[in-house]
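A.B. asks: Here the numbering used here is used: the first residue of the sequence shown is 251, the next is one more, and so on. Below is the structure I would like to discuss, written out as structure tokens.
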Amino acid sequence: MFFASCIYILQSIGNRTALTVENRVLQRIFGPKTDDVIEEWRKLCNEELNDLYSSPNIFWVIKSRRMRWAGHIALMGDRRGIYGVLVGG
């Protein structure tokens, strides 16, 4: 089910839009930061958010799970009907 929902997300919105939404959510989670030089609050930039979150890019995760799923289906061979869907036959 997770796999199908991830595919739908990738097809319905572009990579850039999804990353923008992800960064907005991270900005809400981590909040603003005090700048030491000018002593004012500021939003964290994307690189700072990625350093704090330290999680792989969601698109890399989805693609790796797709590859893992395809490998699993390929190992099953033609014993199951889903193999025909994967190889197109």
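Heads up, the beta-carbon is just placed ideally off N, CA and C, and yes, glycines get one too.
Under a three-way DSSP split, which group does residue 292 fall into?
C.D. replies: It is a strand residue.
A.B. asks: Roughly how many angstroms lie between the CA atoms of residue 303 and residue 290, to the nearest whole one?
C.D. replies: About 23 Å.
A.B. asks: Looking at residue 280 and residue 269, is the spacing between their C-beta atoms short of 8 Å?
C.D. replies: Not in contact: residue 269 and residue 280 (Cβ atoms no closer than 8 Å).
A.B. asks: Excluding the 5 residues preceding and the 5 following residue 328 in the sequence, name in chain order all residues of the same chain whose CB lies nearer than 8 Å to its CB.
C.D. replies: Answer for residue 328: 334, listed in chain order.
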